[in-house]
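Colleague: One structure, as structure tokens, below. Some questions next.
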Amino acid sequence: MSNLVPDMQADRIQDIDLELLWRRGIRGLVFDLDNTITPWHQYAPNNDIAGWFEMVKQAGFKACILSNSGQEKVAKISKWLDVPVLANSKKPRLSGFLRASELLELAPEQLAMIGDQIFTDVFGGNRAGLYTILTEKIADEEFWGTKNISRRLERVVKRHW
Ligand SMILES: [Mg+2]
Numbered sequence: 070m071s072n073l074v075p076d077m078q079a080d081r082i083q084d085i086d087l088e089l090l091w092r093r094g095i096r097g098l099v100f101d102l103d104n105t106i107t108p109w110h111q112y113a114p115n116n117d118i119a120g121w122f123e124m125v126k127q128a129g130f131k132a133c134i135l136s137n138s139g140q141e142k143v144a145k146i147s148k149w150l151d152v153p154v155l156a157n158s159k160k161p162r163l164s165g166f167l168r169a170s171e172l173l174e175l176a177p178e179q180l181a182m183i184g185d186q187i188f189t190d191v192f193g194g195n196r197a198g199l200y201t202i203l204t205e206k207i208a209d210e211e212f213w214g215t216k217n218i219s220r221r222l223e224r225v226v227k228r229h230w
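Take 70 as the starting number for the sequence shown in our numbering and just add one per residue.
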């Protein structure tokens, strides 16, 4: 059960305390895409987000996106943010998190997984040994399975925190 509990929570990625992460030894940030960086399946550029990613890089963090969506869907945002994307990641399976660790050349304990879902981002991230940060979903619209199944289970899990 403890793998379902994030180490930190934030309303939006822009609210994450980067200094605190740095002091904890975190050097790489692994982001979920849908409903964490952009609304679900809406990969349009947004200056607030682009500016924040620029600041993250300036602060010295490495970053990548770990998404269960397909490559062609996420390629545009990778280019736009100048951040590499690992697509089709099959979170919460461990393989994606290990690919992120290899890509950023950092150990799992130097990485923070940032995402809006407990059963993929938090659960997988915790099992793989990453620091985990749960964000609020950006918009209500999402995959029907997420909306009708995962979110209900998330509400049950959160009652036990
Ligand atoms: Mg998501």
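Glycine residues also receive a C-beta, built at the ideal position from the N, C-alpha and C atoms.
Do you know offhand how far residue 211's Cα is from residue 156's?
Modeller: The alpha-carbon atoms of residue 211 and residue 156 are separated by roughly 18 Å.
Colleague: Mark residue 137 as exposed unless 16 or more other C-beta atoms lie within 10 angstroms of its C-beta, in which case mark it buried.
Modeller: By the neighbour-count rule (16 or more Cβ atoms within 10 Å), residue 137 is buried.
Colleague: For a test of the three-state rule: what should DSSP assign to residue 111, helix, strand or coil?
Modeller: In this structure, residue 111 counts as coil in the three-state DSSP scheme.
Colleague: Pull up the CB-CB distance for residue 102 and residue 82, whole angstroms please, since I reckon it's below 8 Å.
Modeller: Not a contact, Cβ separation roughly 11 Å.
Colleague: State the start and end residues of the unbroken alpha helix (DSSP H) segment that holds residue 120.
Modeller: Per DSSP, residue 120 belongs to the alpha helix (DSSP H) from 116 to 127.
Colleague: Pull every residue with its beta-carbon under 6 Å away from any heavy atom of ligand 1, and keep them in chain order.
Modeller: The filter returns 101, 103, 104, 105, 184, 185, 186, in chain order.
Colleague: Could you name the residues that DSSP lists as bridge partners for residue 184?
Modeller: DSSP, once it has assigned bridges, lists 203 as partnering residue 184.
Colleague: With a CB to CB cut of under 7 Å and the five nearest residues on each side skipped, what residues in its chain are close to residue 192?
Modeller: Counting only Cβ-Cβ distances below 7 Å, and skipping sequence neighbours, we find 72, 73, 161.
Colleague: So, residue 108 versus residue 207, is the Cβ gap smaller than 7 Å?
Modeller: Yes; because the gap between Cβ atoms is below 7 Å, this pair is in contact.
Colleague: Measuring only the C-alpha atoms, how far is residue 88 from residue 94?
Modeller: Those two C-alpha atoms are separated by around 10 Å.
Colleague: Exposed or buried, which one is residue 227 when buried takes at least 16 other CB atoms within 10 Å?
Modeller: Burial call: exposed.
Colleague: Please report the Cβ distance between residue 177 and residue 166, rounded to the nearest whole angstrom; I am assuming they are in contact, meaning their Cβ atoms lie under 8 Å.
Modeller: The Cβ separation is near 7 Å, so the contact holds.
Colleague: What is the residue span of the beta strand (DSSP E) that residue 100 lies within?
Modeller: That run of the beta strand (DSSP E) goes 97 to 100.
Colleague: Can you have a look at residue 225 and say buried or exposed, based on whether 16 or more other CB atoms are within 10 angstroms of its CB?
Modeller: Per the 10 Å Cβ criterion, exposed.
Colleague: Which residue comes first and which comes last in the alpha helix (DSSP H) that contains residue 140?
Modeller: Here the alpha helix (DSSP H) through residue 140 covers 140 to 150.
Colleague: Note down, in chain order, each residue of its chain lying with its Cβ closer than 8 Å to the Cβ of residue 99, except the 5 sequence neighbours on either side.
Modeller: Once the five neighbours on either side are set aside, the close Cβ partners of residue 99 are 132, 133, 134, 135, 166, 169, 173, 180, 181, 182, 183, 194, 199.
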